[in-house]
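> Take 3 as the starting number for the sequence shown in the working numbering and just add one per residue. Don't be surprised by glycine CBs; every beta carbon is placed ideally from N, CA and C. I am attaching a structure below and will ask some questions about it afterwards.
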Amino acid sequence: MIYTERRCGRLATFAVRAPVGRLGIGAVLQRCWKVASSALPLARFLARGSGNGTLIATTANSQQPTANSHDDIGNRTYVDGPLSGTGDTTRTIYDAARQVVGVIGPDPDNSGSLKNSALRISYNLRGQQQKVERGTAEGQSDSAWAAFTAAERIDISFDAANRKNMEALRTGSASATTTHAVTQYSYFANNLSVSARWIKKEPNILTFQPW
């Protein structure tokens, strides 16, 4: 395969072509950049060829760009997928430390009654994920994110050496929590994982299962 790269201001083209004289499939990836000197791509286009420069096929997805939006410090905040319009846009939310604290998916039924799927992520002071919540939001605005509703969560705890020692799948509020499953982790003295085991919680029963 032959790889060529062509840069021209805000457009970069990466072409993969089959060797001359042989049948093959090549691909061309074009990226549009935010500014001429920026490292942040705004859109991508994909087309396929026979390998000799002749276009043989495109698809609905490749005919539309995947467009990215960034904040002032370079965090990718929105990704607009290949479908026409903004109905397949995903939003990513960051904290001051540039950690991903939330993801809000596209509207699943185009302004219908269904809500956007969303994740909310919490970290400890060492930057380790300590809680991941799955739920919904009524849109992708800041106010919709503030009103995020959790359906379930994974609580993660660590030992004194900052190693993950437990994950628990739970539902309910802090005052009325239901634990559905737990995974416990143990380690050798050299920090290599020894084992992990599932603890499946049923009504009044804990079932221990080896990993």
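Measure the CB-CB distance between A139 and F150 and report whether it falls below 7 Å.
yes
> Can you tell me whether DSSP reads S119 as helix, strand or coil?
In the three-state reduction of the DSSP assignment, S119 falls in the strand class.
> So what's D82 in DSSP terms, helix, strand or just coil?
strand
> Given a cut-off of 7 Å, decide if T185 and A198 are closer than it, judged by their beta-carbon atoms.
Taking 7 Å as the Cβ cut-off, A198 and T185 qualify as a contacting pair.
> Leaving out five residues on either side along the sequence, give the residues of the same chain with a beta carbon under 8 Å from the beta carbon of N193.
A163 and R165
> Since D157 sits in a beta bridge, which residues does DSSP pair it with?
K133 and A170
> Which term fits D109, buried or exposed, when burial requires 16 or more other beta carbons within 10 angstroms of its beta carbon?
D109 should be labelled buried.
> Taking DSSP as the reference, what is the three-state secondary structure of A69?
A69: strand per DSSP, three-state reduction.
> In whole angstroms, give me the CA-to-CA distance for G76 and D97.
13 Å
> Measure from the alpha carbon of I106 to the alpha carbon of each residue in S175, A153 and R122, then state which is nearest.
R122
> Can you tell which of L127, R136, G174 and S177 has its C-alpha closest to the C-alpha of K117?
R136
> Would you check if the distance between the CB atom of V102 and the CB atom of T91 is smaller than 7 Å?
no
> Quick check: what's the CA-CA separation for S115 versus G89?
About 15 Å.
> From the DSSP output, which residues share a beta bridge with T181?
R172
> May I ask you to report which of helix, strand or coil DSSP gives A139?
Correct three-state label for A139: strand.
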